[in-house]
Amino acid sequence: MTPTMLGRWQSRLFVLATAGLLWTLALSPLLPVGFATTADTYETTFAAIGVTAAVGVVLWEPVYQLLQQFRWEKDWPAVLTLLEGIPEGVVVFFLMRDVLDYDVRALPFTIHFGTTWLLVFLCLHGPLRVVSVRWRFRGGRLL
């Protein structure tokens, strides 16, 4: 079964709240942020995770669900799931910098967002399917 909208939301939020937050906790002090304090770096990177989750649930998941309806098998190939990170990252970057007024620099953001997206992708296509064997058969729902 292809993940349903509820399943896509649950999967996105669960993996961002577990693997995404743990990775952010470990990576944030190592980012090349110049003279920004560690507290500011954590604030910005955790905000990026929150914005990614919120924008993903409100904007991206409905768009992806709609686009999938035009595909014969109603599903994405894994490579498209991985490439979804590019437009999502661009939107999150500009939202944080221009709308939410965070001091976001391109290099640290790209490192953080890119590696977090890759980790989330790998978790969705690996450990999540091992821990929750019936995940795919329940439309991606965890609960």
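Residue numbers (the numbering used here): -4 to 138.
Using N, Cα and C, we set each Cβ at its ideal position, and we do this for glycine too.
Since this is a predicted model, take the numbers as computed values, not measurements.
Residue i lies in the alpha helix (DSSP H); which residues open and close that run?
| i | result |
| --- | --- |
| L169 | Here the chain covers residues -4 to 138 and nothing more, so residue 169 does not appear. |
| A73 | 73 to 78 |
| T105 | 101 to 119 |
| L8 | 0 to 10 |
With 8 Å set as the bound, which would you pick, yes or no: does the beta-carbon of residue i sit closer than that to a beta-carbon of chain C?
| i | result |
| --- | --- |
| T19 | Protein chains in the displayed structure number just one, and chain C is not present. |
Apart from the five residues just before and just after residue i, which ones in its own chain have a Cβ nearer than 8 Å to its Cβ?
| i | result |
| --- | --- |
| M0 | E56, P57, Q60 |
| L119 | S6, V10, T76 |
| R3 | E56, Y59, Q60, G135 |
| L114 | A14, G15, W18 |
Just confirm the distance between the C-beta atoms of residue i and residue j, as a whole number of angstroms; I'd bet it's less than 8 Å.
| i | j | result |
| --- | --- | --- |
| T19 | T40 | 5 Å |
| L22 | T76 | About 22 Å separates the two Cβ atoms, so there is no contact after all. |
Can you name, in chain order, every residue of its own chain whose Cβ lies under 6 Å from the Cβ of residue i, other than the five neighbours on each side?
| i | result |
| --- | --- |
| Y37 | S23 |
| D63 | One detail in the question is off: residue 63 reads as Gln in this sequence, not Asp. Answer for Q63: K69, listed in chain order. |
For residue i, I'd like the list of residues in its chain whose CB is within less than 7 Å of its CB, leaving aside the five on either flank, ordered along the chain.
| i | result |
| --- | --- |
| V94 | none |
| I106 | L26 |
In chain order, each alpha helix (DSSP H) run of at least 4 residues that lies wholly inside the region 14 to 64: Secondary structure in the region 14 to 64: the alpha helix (DSSP H) runs of 4 residues or longer, each lying completely within the stretch, are 16 to 22, 33 to 50, 56 to 63 in chain order.
Quick check: the region 26 to 46 against the region 82 to 100, are at least 3 beta-carbon pairs closer than 8 Å? Yes, the region 82 to 100 touches the region 26 to 46.
Stretch-stretch touch, CB-based, cutoff 8 Å, three pairs: the region 99 to 118 with the region 26 to 46: The region 99 to 118 vs the region 26 to 46: in contact.
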